[in-house]
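496 is the number of the first residue of the sequence shown in this note's numbering; add one for each residue after it. Written below as structure tokens is the structure these notes are about.
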Amino acid sequence: RFNERLVLSLAGCSNCLLLDDELNVLPTSSLIRYIEPVATDEHGELIADAGRAAQKELKELGEQLCDTQPAGALVPKCRTLDQARALITFLDAASEKTLRSTVALTASRGRGKSAALGLAIAGALGLGYSNIFVTAPSPENLKTLFQFVFKGLDAMGYKEHIDYDLVESTNPVFGKAVVRVNVFRGHRQTVQYILPQHHAKLAQAELLIIDEAAAIPLPTVKALLGPYLVFLCSTVNGYEGTGRSLSLKLIQQLREQGAKAAGAAAAANATASGVGSVAGSMRTFREVTLAEPIRYAPGCPIEAWLHELLCLDATLHLGKPPARLPHPEQCQLYYV
Numbered sequence: 496r497f498n499e500r501l502v503l504s505l506a507g508c509s510n511c512l513l514l515d516d517e518l519n520v521l522p523t524s525s526l527i528r529y530i531e532p533v534a535t536d537e538h539g540e541l542i543a544d545a546g547r548a549a550q551k552e553l554k555e556l557g558e559q560l561c562d563t564q565p566a567g568a569l570v571p572k573c574r575t576l577d578q579a580r581a582l583i584t585f586l587d588a589a590s591e592k593t594l595r596s597t598v599a600l601t602a603s604r605g606r607g608k609s610a611a612l613g614l615a616i617a618g619a620l621g622l623g624y625s626n627i628f629v630t631a632p633s634p635e636n637l638k639t640l641f642q643f644v645f646k647g648l649d650a651m652g653y654k655e656h657i658d659y660d661l662v663e664s665t666n667p668v669f670g671k672a673v674v675r676v677n678v679f680r681g682h683r684q685t686v687q688y689i690l691p692q693h694h695a696k697l698a699q700a701e702l703l704i705i706d707e708a709a710a711i712p713l714p715t716v717k718a719l720l721g722p723y724l725v726f727l728c729s730t731v732n733g734y735e736g737t738g739r740s741l742s743l744k745l746i747q748q749l750r751e752q753g754a755k756a757a758g759a760a761a762a763a764n765a766t767a768s769g770v771g772s773v774a775g776s777m778r779t780f781r782e783v784t785l786a787e788p789i790r791y792a793p794g795c796p797i798e799a800w801l802h803e804l805l806c807l808d809a810t811l812h813l814g815k816p817p818a819r820l821p822h823p824e825q826c827q828l829y830y831v
């Protein structure tokens with residue numbers, strides 16, 4: 496059934512061209528007669544490039560931060576302006592070194608969330624964090640994250656085997672996934688993977704990164720939040736984002752608690768009373784969203800076609816509930 500759906504969707508995609516092994520255009524759809532070349536200038540660059548202005552702003556941002564470390568070394572590793580701004584938000588939170596603070600990053604697939612987290616971890620090491628823990632449903636989910644931890648460390652002048660080394664898992668279930676990074680420049684620092692259910696091991700944590708939080712049961716995610724800085728990241732569509740309790744419950748609760756903490760801190764500053772102790776027991780909250788794609792061009796119709804084919808944006812197509820619900824006696828219960 497899926498193969499049939501795939502072929503039919505290709506026939507209905509106005510931006511799809513199918514060729515055989517001799518590069519002959521296959522007559523899969525009448526839409527191929529309307530395909531035209533993209534307009535370019537004399538240098539071969541796209542005339543209507545939606546991302547050109549953002550790339551210029553990203554370059555200018557990197558130049559402004561060149562004397563501010565570790566951001567100056569890490570921002571040039573970002574591919575989009577959204578990703579750079581998310582990285583700066585992570586680094587700002589890390590530089591404050593306050594307990595009970597959460598930064599949540601949400602985005603669709605292909606926006607560079609794991610890369611931004613990896614660069615943020617490298618930045619936290621540069622800021623002196625010693626005990627950093629990373630959790631995800633499986634260490635195999637963290638391949639991109641650790642790749643960008645190493646890229647960030649290299650950008651800051653760290654050398655593998657001299658300033659840091661990596662440890663791969665010996666568990667055959669996890670393959671050779673990286674589960675630990677040891678940094679020994681200046682003082683001992685570690686980035687350690689733990690399973691989500693092993694939250695009791697976080698007693699000495701200074702920073703916890705939760706990747707693909709929507710794929711972790713909500714009670715487990717809540718148990719992971721403690722008296723340390725938390726970077727929380729999740730995909731909001733596709734199979735990784737099917738756990739809607741994260742966006743519908745946890746993030747909303749963190750927003751409300753963050754608003755209360757901000758209000759209590761403002762009241763403490765105004766009255767100079769003991770309200771600050773109440774604010775200190777609440778989690779402050781920052782939220783970042785990545786909208787600019789890396790895997791596709793901005794507004795790419797192929798991404799829209801793929802999301803429609805694989806039902807990745809299913810939550811956008813939920814119908815509104817009726818204004819009036821029927822009586823339970825008029826309803827039928829189905830077991831699926």
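For each residue, glycine too, the CB sits at the ideal point set by N, CA and C.
Inset, instruction - Rounded to whole angstroms, what's the CA-CA distance from G621 to S524? Just pull it up for me. - result: A direct Cα-to-Cα measurement between G621 and S524 gives close to 55 Å.
Legend entry - CA-to-CA distance, L505 to D515, given in whole angstroms: The alpha-carbon atoms of D515 and L505 are separated by roughly 15 Å.
Legend entry - For K671 and I705, the rounded distance between their alpha carbons: Counting only the Cα atoms, K671 lies some 20 Å from I705.
Inset, instruction - Evaluate L701 with the Cβ neighbour count: other Cβ atoms within 10 Å of its Cβ, from every protein chain shown; 16 or more gives buried, anything less gives exposed. - result: Correcting the residue identity first, residue 701 is Glu in this sequence and not Leu. Per the 10 Å Cβ criterion, buried.
Inset, instruction - Spatial neighbours of Q684 within its chain, please: CB distance less than 6 Å, with the 5 preceding and 5 following residues excluded, ordered by chain position. - result: The residues are L620, S625 and V678.
Legend entry - With 16 other Cβ atoms within 10 Å as the buried cut-off, status of A774: The pLDDT assigned to A774 is 49, lower than 50, so where the model puts this residue is not dependable; a value taken from the coordinates is nonetheless given after this. Counting Cβ neighbours within 10 Å, A774 comes out buried, since at least 16 surround it.
Legend entry - Buried or exposed by the 16-neighbour rule on C-beta atoms within 10 Å, applied to N510: So N510 counts as exposed.
Legend entry - Sufficient close CB pairs (3 or more, under 8 Å) joining the stretch 597-605 to the stretch 709-728: Taking a cut-off of 8 Å for Cβ pairs, the stretch 597-605 and the stretch 709-728 touch, as three or more such pairs fall below it.
Legend entry - Neighbourhood of G647 by C-beta, 6 Å cutoff - its chain only, sequence neighbours within 5 removed: Excluding sequence positions up to five before and after G647, its CB lies within less than 6 Å of the CB of L569, L614 and A617, all in the same chain and listed in chain order.
Inset, instruction - Report yes if the CB atom of L713 is closer than 8 Å to the CB atom of L745, and no otherwise. - result: In this structure, L713 sits near L745, with a CB-CB distance shorter than 8 Å.
Inset, instruction - Output the distance between the C-alpha atoms of A754 and L553, rounded to the nearest integer angstrom. - result: Near 31 Å, if we compare the C-alpha coordinates of L553 and A754.
Legend entry - Boundaries of the alpha helix (DSSP H) in which A602 is found, first to last residue: If you look at A602, you'll find it isn't in any alpha helix (DSSP H); it sits in the beta strand (DSSP E) that goes S596 to A602.
Inset, instruction - Return helix, strand or coil for Y659, following the three-state DSSP convention. - result: Y659: strand per DSSP, three-state reduction.
Inset, instruction - With hydrogens ignored, establish whether the beta-carbon of P816 is closer than 7 Å to any heavy atom of the ligand HEM. - result: Here there are no bound small molecules, and the ligand HEM is not part of this structure.
Inset, instruction - Could you check which residue in A710, T593, V731 and K815 has the C-alpha nearest to that of G721? - result: Out of A710, T593, V731 and K815, the CA that lies nearest to the CA of G721 is found in T593.
Inset, instruction - Provide the residue(s) that pair with I711 in DSSP beta bridges, ordered along the chain. - result: Note: I711 sits in no beta bridge, so no partner.
Legend entry - Bounding residues of the alpha helix (DSSP H) (the contiguous stretch that carries L639): Residue identity check: residue 639 is Thr in the sequence provided, not Leu. Run containing T639: K638 to A650, per the alpha helix (DSSP H) assignment.
Inset, instruction - Could I get the ranges of all uninterrupted alpha helix (DSSP H) runs contained in the stretch 660-732, with 4 residues as the minimum, in chain order? - result: Entirely contained in the stretch 660-732, the alpha helix (DSSP H) runs reaching 4 residues are, in chain order, 713-719.
Legend entry - For A549 and E787, believed in contact at Cβ under 8 Å, the rounded distance: The C-beta separation of E787 from A549 comes to about 6 Å, placing the pair in contact by the 8 Å criterion.
Legend entry - R778: first and last residue of the uninterrupted alpha helix (DSSP H) it sits in: R778 -> no alpha helix (DSSP H), and no H or E assigned at all.
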